[in-house]
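**Student:** The structure's right below; bear with me while I get my questions together.
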Amino acid sequence: MDTRSPQVSIKKAAPAALWNPEEDDTLVCLDVQQETHDVKTFTFASPEGKRFAFKAGQYFLFDLDHNGEAESRCYSISSSPHRTNAFSVTVKRVPGGKISNWLHDTLVVGASVKANGPLGHFVRSETGRKLLLLSGGSGITPVMSILREIADSCEPANVVFMHGARRPQDLIFRDELACIARRLKGLRLHLLPETVAGEASWPGLSGRISAEYMRLAVPDIAERTVMCCGPAPFMAAARRIAGELGVPASNYVEESFDAAVIDEPEIPAVKEAVIKVFQVSFSKQARSIEVSGDQSVLSCAKKAGVRIPSSCANGVCGTCKSKLISGTVDMNHNGGIRQREIDAGLFLPCCSKPLSDLIIER
Amino acid sequence: MLNKLPSSISALLDARADGHSQPAGLYTREDVFEADIDVFFHKHWICVGLDCDVPEPGDATVIDIGKTSLILLRDDDGELRVLHNVCRHRGSRLLDPGKTIVSKLVCPYHTWTYELTGELSYAPHMGKDFDKDCRGLKRVTFKSIGGLIYVCLSDNPPEDIALLERTMVERLAPYDIRNAKIAHQVDVIEEGNWKLTMENNRECYHCSANHPELCVSFVDLDFGFDPETLSPEDREQAEEHFRLYQERTRAWEADGYPSAAVEQLVDCATNFRTQRLIIAGAGESQTHDATAASSKLLGRMTRKDLGDTHLWGHNSWNHFMGDHAVVAVVIPLSAGKTLVRTKWLVHEEAVEGIDYGLDKLTDVWNATTDQDADLVARSHAGTLDPAYQPGPYSRFSETNLDKFATWYIDRMRAHGY
């Protein structure tokens, strides 16, 4: 027995007793794991031995007393919701980061913290089993919880788990992911370090995510629900790439993992993608109009007085066929255009809604 | 049968003397040109293209013949279609000449929209009671014979295409022309009447003086010679050549490759001739050194020594060899202008620069076609000269011209001229 381990006293609660966010707020640290050189996992239990009911992808809001000042931080749960006696959060030490450093340096087994949760809506929808779980850096925590849940429940899976990190030694849960990938049918694992420094022989690709990489690694990305979490620039790139590769906004959800963000950040991000207004420019007429994501390009162009030859207005005749110089659209045609033409950059404005700013050769 | 008033062309037909070239007016007059289009391009089977002109669904190509414009396309089920390029609204042309990709056939005028089957699917502002069912694009009678597309614009297509069909389906099968790739296409407009173009192609009397490139692989003896004028040495060579023919033809046929000549040239509606010809020299292909131009052979071919299966029709000539094929279609543009469209076919997976070089593939027939264009222009200019008088065909090397002229006159008469 490790004599350094402090004793933690947890009562045996009745099996049915559940952690109640309305009443309960105290957690006791059961375990600390060093995951990588700068990432630790902290596991918490209820001192009364209550069980936790949460959904994979949710987080807890921790109220921390930092040198006499109250600080709040939210951390996604990284453990499986099937493990109900305790849950874990996984925290990366951020250079200069007040709270993450304090946690790393002072939170030890037996310590108590106050927390509120579970919270958040970055959870799997009921429909659509084909998933792309996409994370960068410590953004892996909520999608790891989702993957652990899938593995624990042995449900039929069709999951691509793609994780990017700076170097191979920064890949969190690397061994466990390999282990799950060996056992879980229907899981495809893609690990993408930005550089291969510090690893004798990295077997895969390295670099940042790009449309080319995604197209190769996840050729059916447009059919998948993408759940993305990571640093803001990573998520911005991921959102743009997913849009370019045809992932409809309705199938794209993201969780902000910026430690500074306190309040349910995922909802504005998703809503923004749905109702956003895009700039649509017509290169030959030097006109630019605004088109919201739920309107067809043609109908907005007509209202704004931009003339595009057209007839059927529902993707049958192809009269409005135009070259899309840049941007992506959600097109629902009725045979008025061929895949070969789409591949060549053409689209039908009458049955297309913008997914980004557009430049149209008209 | 009641006598009809003779047409203004009848006198010209009557004036044609057996064994002689045709009276000038048949080559030069505009009314004869109109009649030729009517008889030979609207009432007979003509070759207009290939299955592999439109390899994928949505591929379409427009071919204009006289005032008729045809759309050859492949529909969404991968079926070939030949449709008239005339909107059923007010007649506008739907597609421009040449190749394109279509998802629907949309008239640019008022956007009447047709399925690739020809069915009218959308006609804006025509009222709810408008019956679209009987307003589909008019279909054209066509046959794909071993991958060659023959159309007939008449309601009574000649039935004797059956022999051509029976013969060529079997002969072309191993070449799989249907799935070949068009590696190159050249349009040459000859300054001459279409019959001069065809007649020039029907004899090789002119070959040794005019086609040095073609003569490396082509044997002009195959199209006749006067044994009396040959030196004893040449005669011996010629006799040796015909012994070789018998031997080769027997061997090819024994291996399952029909090779003997099949002809339907006179007393018929559909004019054609086919035979597997020996390739001279290296014996493989019509290239500058008679070796194969493509290392990937056509279709299911496994050997390069199967000669040249030639096929003539009244508006086309074709050469099918182990490694590639040359297919030429002739379309009259006016009394004195004729389009010769030549296509070079290779195996669908053959890659330029790897399996074949374009120069070697096309050199011989590019040179030959240019030389022939020059010869046809000279002939046509001559027939316009008041001094022109029909001259005698060689009974050794121009017998096929006599047959062609005879067939031409017969067919004109059969259609009332």
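Going line by line, the protein sequences match chains U and H. Quick note: the first sequence uses our numbering, first residue 1065, plus one each step. Quick note: the second sequence uses our numbering, first residue 2, plus one each step. Glycine included, each C-beta is placed from N, C-alpha and C at the ideal position.
With DSSP run on the structure shown, which of helix, strand or coil describes K361(H)?
**Tutor:** Helix, per DSSP.
**Student:** With burial defined as no fewer than 16 other Cβ atoms inside 10 Å of the residue's Cβ, what is the status of E1133(U): buried or exposed?
**Tutor:** Exposed, since its Cβ has fewer than 16 Cβ neighbours within 10 Å.
**Student:** With 8 Å as the threshold, decide whether the Cβ of V55(H) is near any Cβ in chain U.
**Tutor:** Closer than 8 Å: no.
**Student:** Where does S1073(U) land, buried or exposed, given buried means 16+ other C-beta within 10 angstroms?
**Tutor:** Label assigned to S1073(U): exposed.
**Student:** Whole-angstrom Cβ separation of A270(H) and P387(H), contact assumed at under 8 Å?
**Tutor:** Actually they do not touch by this definition, with Cβ atoms about 35 Å apart.
**Student:** Quick one: measure Cβ to Cβ for I1401(U) and I1423(U), integer angstroms, because I've assumed they're closer than 8 Å.
**Tutor:** About 19 Å; that fails the 8 Å criterion.
**Student:** Does G1121(U) come within less than 8 Å of chain H when only Cβ atoms are used?
**Tutor:** Cβ-Cβ to chain H under 8 Å: no for G1121(U).
**Student:** Around the C-beta of G1409(U), are 16 or more other C-beta atoms found within 10 angstroms, so that it is buried, or is it exposed?
**Tutor:** Flag for G1409(U) reads exposed.
**Student:** Could you say which of K1178(U), E1135(U), A1261(U) lies nearest to E1087(U) if we only look at CA atoms?
**Tutor:** Minimum Cα distance to E1087(U) is reached at K1178(U).
**Student:** Between the Cα of I146(H) and those of A329(H), L165(H), E254(H), F273(H), spot the shortest distance and give me the residue it belongs to.
**Tutor:** Measuring from the Cα of I146(H), the nearest candidate turns out to be L165(H).
**Student:** Among the residues of its own chain, which have a CB less than 6 Å from the CB of R1193(U), if the five just before and after it don't count?
**Tutor:** So the list reads N1222, once near-sequence residues are dropped.
**Student:** Confirm the yes/no value for this check: CB of Y1139(U), any heavy atom of the ligand NAD, distance under 7 Å.
**Tutor:** The ligand content of the structure shown is nil, which means the ligand NAD is not present either.
**Student:** Pick out whichever of L14(H), H207(H), T310(H) has its Cα sitting closest to the Cα of D411(H).
**Tutor:** It is L14(H).
**Student:** How about K105(H): is its C-beta nearer than 8 Å to some C-beta of chain U?
**Tutor:** Yes, because at least one Cβ of chain U sits closer than 8 Å to the Cβ of K105(H).
**Student:** With respect to the beta strand (DSSP E) encompassing F1346(U), which residues constitute its N-terminal and C-terminal limits?
**Tutor:** Per DSSP, F1346(U) belongs to the beta strand (DSSP E) from 1341–1346.
**Student:** Looking only at its own chain, which residues have a Cβ that is under 7 Å from the Cβ of A1261(U), when we skip the five neighbours before and after it?
**Tutor:** Cβ within range, chain order: R1231.
**Student:** Looking at the unbroken alpha helix (DSSP H) that takes in W253(H), where does it start and where does it end?
**Tutor:** Taken as a continuous stretch (DSSP letters only), the alpha helix (DSSP H) holding W253(H) covers 233–255.
**Student:** Name the two residues that bound the continuous alpha helix (DSSP H) containing H1168(U).
**Tutor:** Start and end: 1162–1170.
**Student:** E1429(U) CB to nearest chain H CB: under 8 Å?
**Tutor:** Chain U is shown only over 1065 to 1426; residue 1429(U) falls outside these bounds and no answer can be derived.
**Student:** Chain H beta carbons: is any one of them nearer than 8 Å to that of V1393(U)?
**Tutor:** No, its Cβ sits nowhere closer than 8 Å to a Cβ of chain H.
**Student:** Q390(H) to D403(H), Cα distance in whole Å?
**Tutor:** Computed Cα separation, rounded: 16 Å.
**Student:** Starting from C1293(U), follow the beta strand (DSSP E) in both directions and report where the run begins and ends.
**Tutor:** Taken as a continuous stretch (DSSP letters only), the beta strand (DSSP E) holding C1293(U) covers 1289–1294.
**Student:** Excluding the five sequence neighbours on either side, which residues of its own chain have a C-beta within less than 7 Å of the C-beta of N180(H), listed in chain order?
**Tutor:** Within the same chain, N180(H) has close Cβ partners C53, E349.
**Student:** Drop a sphere of 10 angstroms on the beta-carbon of R379(H), count the other beta-carbons inside from all chains shown, and report buried for 16 or more, exposed for fewer.
**Tutor:** The residue in question, R379(H), is exposed, as its Cβ has fewer than 16 Cβ neighbours within 10 Å.
**Student:** Does DSSP put Q1233(U) in a helix, in a strand, or in coil?
**Tutor:** Note: Q1233(U) maps to helix in three-state DSSP.
**Student:** For S122(H), would you say it is in contact with chain U, using Cβ-to-Cβ distances shorter than 8 Å as the test?
**Tutor:** Closer than 8 Å to some Cβ of chain U, the Cβ of S122(H) qualifies, so yes.
**Student:** I'd like to know whether the C-beta atoms of N1180(U) and L1248(U) end up nearer to each other than 8 Å.
**Tutor:** For N1180(U) and L1248(U), no; Cβs fall outside 8 Å.
**Student:** Going along the chain, which residues of the segment 1359–1389 of chain U sit with their C-beta nearer than 9 Å to a C-beta in chain H?
**Tutor:** Listed by position along the chain: P1373, S1374, S1375, C1376, V1380, C1381, G1382, T1383, K1385.
**Student:** Let me see if you follow: with CB-CB separation under 8 Å, is I1401(U) close to chain H or not?
**Tutor:** Yes, contact with chain H.
**Student:** Taking 8 Å as the threshold (beta carbon to beta carbon), is P125(H) in contact with chain U?
**Tutor:** Chain U contact via Cβ: present.
**Student:** Contact defined as beta carbons within less than 8 Å: I believe E1258(U) pairs with S1274(U). What is the distance between those atoms, to the nearest angstrom?
**Tutor:** Incorrect: roughly 12 Å between the Cβ atoms, too far for contact.
**Student:** Can the beta-carbon of R94(H) be found closer than 8 Å to that of S70(H)?
**Tutor:** Against a cut-off of 8 Å, the Cβ pair of S70(H) and R94(H) comes out as a contact.
**Student:** So, is E1425(U) buried or exposed, given that buried needs 16 or more other C-beta atoms within 10 angstroms?
**Tutor:** It is exposed - the Cβ of E1425(U) has fewer than 16 other Cβ atoms within 10 Å.
**Student:** Since L376(H) and N201(H) should fall inside the 8 Å C-beta cutoff, what is the C-beta to C-beta distance between them, to a whole number of angstroms?
**Tutor:** The Cβ separation is near 6 Å, so the contact holds.
**Student:** Compute the Euclidean distance between the alpha carbons of I1141(U) and R1147(U), then round it to the nearest angstrom.
**Tutor:** Distance between the alpha carbons of I1141(U) and R1147(U): 11 Å.
**Student:** If the criterion is Cβ atoms closer than 8 Å, does the pair S1144(U) and E1213(U) meet it?
**Tutor:** Result yes, Cβ atoms of S1144(U) and E1213(U) sit closer than 8 Å.
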